[in-house]
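Beneath this line is the structure, given in structure tokens, with notes to follow.
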Amino acid sequence: MAQSYTVEEVAQLLKVSKLTIYDLVKKEQLPTFRVGRQMRISHEDLQAYIQQHKTGATAVSPTKDKIIIGGQDIVLDMLGKYIEHQTGTKTLRSYEGSFNGIMALYHGECDIASLHLYDGDTNTYNTPYVKKILVSHQYVLINLVKREAGLYVQQGNPLGITTIEDIVTTKATFINREKGSGARALFDEKLRIHNIAPSDIKGYDKEQLSHLDVASAVANGHADVGIGIQKTAKLINVEFIPLITERYDIVLLKTAQTAALIQTIKDILRSLAFKEEVVALGHYDTSLTGEVMYETL
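Below, the structure is given as structure tokens:
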């Protein structure tokens, strides 16, 4: 998939100040797009600017066809690769958490948002959230994969933690995910369901920005327990205590312009080639992959 840069990164590459980059953007000499609140410049547009600057040639019109995919799972990188192959359209990645991703979709700042948001009242994923957040939009919610979510503990599980309640009773030090992430939503909902106050969790306010960071903090002894997905536990030297099988979905807005993309994505996700590649990664369930979980009429 196509690479993109922040304003700070472009300034470093061009060896100029950030103010210079902002000035180029203002003069429309350097095209940008937004991922959430962050301004980004695609690799293609940066190279076009550099070439123009070297030769003095007339600026080449940037490619407007970009598909921005929000979320952090590696399967989204695979989906982007397949989309590019099928459509010839460049895909860009935004590594936003679930809440920020769906809000970016709401505001038209991304094309595909991924989410794994647990709702404790219905014991389901995602659908209750999109119904409320995207209430004024037409959309389709499609399953990407299912995967196991749970707790990371140190090898040997020295505190004997097997449940959320054990974190309190053992006085374990917890490492959390950032607000807006699906893992944070799962933990907060589990606390609510079990009538546990966040203040009862030692380390609740200490946050990391990825499953990998959480697992590493536990492995390195900076925390006794954290929350994340099974696949990451296999990459880091921690044990995994499963809590729930989560549904990791993608959501797209339904418009005349997105109809073809939606069908292409359905075809990709339902293809044997895509599913086999996902299964080969390990710790993913593709039994629902490509199935519509909810769709507005």
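Numbering (our numbering), first residue to last: 357 to 653. Beta carbons are placed, not taken as given, at the ideal position from N, Cα and C, and that holds for glycine.
Residue i, enclosing beta strand (DSSP E) - first and last residue
i      : result
Asn305 : Not covered by the structure: residue 305. The range shown for the chain is 357 to 653.
Val582 : Looking at the sequence itself, residue 582 is Gly, so the reference to Val does not match. That run of the beta strand (DSSP E) goes 581-585.
Asp422 : Looking at the sequence itself, residue 422 is Lys, so the reference to Asp does not match. Per DSSP, Lys422 belongs to the beta strand (DSSP E) from 422-426.
Ile531 : 530-533
Tyr361 : 360-362
Sequence-distant residues of the same chain with beta carbon closer than 6 Å to residue i, five excluded per side
i      : result
Leu609 : His493, Tyr495
Thr419 : Any reading at Thr419 needs caution, since the residue's pLDDT is 42, under 50, leaving its predicted position unreliable; the model's value is listed next. Cβ within range, chain order: n/a, list empty.
Glu400 : none
His463 : none
Beta bridge counterpart(s) of residue i as assigned by DSSP
i      : result
Val607 : Ala469, Leu497
Met395 : Arg390
Asp641 : Lys502
Arg548 : Bridge partners of Arg548: none, in fact.
Val648 : Ile498
Phe596 : Tyr508
Tyr474 : Tyr481
Glu632 : Beta-bridge pairing links Glu632 to no other residue.
Glu563 : Asn532
Thr655 : Residue numbering for the chain in the displayed model covers 357 to 653; residue 655 lies beyond these limits and cannot be assessed.
Sequence-distant residues of its chain with Cβ nearer than 8 Å to residue i (five each side left out)
i      : result
Gly516 : Asp522, Thr526
Val581 : Leu507, Tyr508, Val509, Leu515, Ile517, Ile523, Ala528, Thr529, Phe530, Ile531, Val574
Ala413 : Model confidence at Ala413 stands at a pLDDT of 46, short of 50, so the residue's coordinates are unreliable; what they give is reported in the following sentence. Here the set comprises Gln407.
Tyr378 : Val363
Gly476 : Glu545, Lys546, Arg548, Ile549
Lys374 : Val363, Glu364, Ala367
Start and end residues, alpha helix (DSSP H) containing residue i
i      : result
Tyr438 : 430-443
Tyr451 : Note, Tyr451: premise wrong, no alpha helix (DSSP H); not H, not E.
Ser572 : 567-575
Val524 : 520-525
Asp379 : 374-382
Ala615 : 615-626
Cβ separation of residue i and residue j, assumed to be a contact under 8 Å, to the nearest whole Å
i      : j      : result
Asp421 : Lys446 : 7 Å
Asn482 : Arg603 : 6 Å
Tyr474 : Glu545 : 5 Å
Val501 : Val648 : That belief does not hold up - the Cβ atoms of Val501 and Val648 are roughly 15 Å apart, past 8 Å.
Thr588 : Glu504 : Not a contact, Cβ separation roughly 11 Å.
Leu490 : Ser360 : About 25 Å separates the two Cβ atoms, so there is no contact after all.
Thr583 : Leu542 : The residue you asked about is not Thr; residue 583 is Ile in the sequence shown. Indeed, because the Cβ distance is near 7 Å, the residues count as touching under 8 Å.
Ser664 : Ala460 : This structure cannot settle anything about residue 664, because the visible part of the chain is limited to 357 through 653.
Ile468 : Ile520 : Not quite, the Cβ-Cβ distance comes to about 32 Å (not below 8 Å), so this is no contact.
Same chain only: Cβ atoms within 7 Å of residue i, ignoring 5 sequence neighbours per side
i      : result
Lys622 : Ile498, Gly646
Ala579 : Thr529, Phe530, Ile531, Gly559, Ala573
Pro484 : Asp475, Thr478
*Stretch-stretch touch, CB-based, cutoff 8 Å, three pairs: the region 561-576 with the region 586-595*: yes
*Within the chosen definition, does the region 612-622 reach the region 551-570 through at least 3 CB pairs nearer than 8 Å?*
Flag = no, the region 612-622 and the region 551-570 do not touch.
_Cβ contact (3+ pairs, closer than 8 Å) linking the region 386-400 and the region 360-373_ = yes
*Using 8 Å as the Cβ pair cut-off and three pairs as the minimum, do the region 421-433 and the region 449-461 touch?*
With a cut-off of 8 Å, the region 449-461 and the region 421-433 count as touching, because enough Cβ pairs lie within range.
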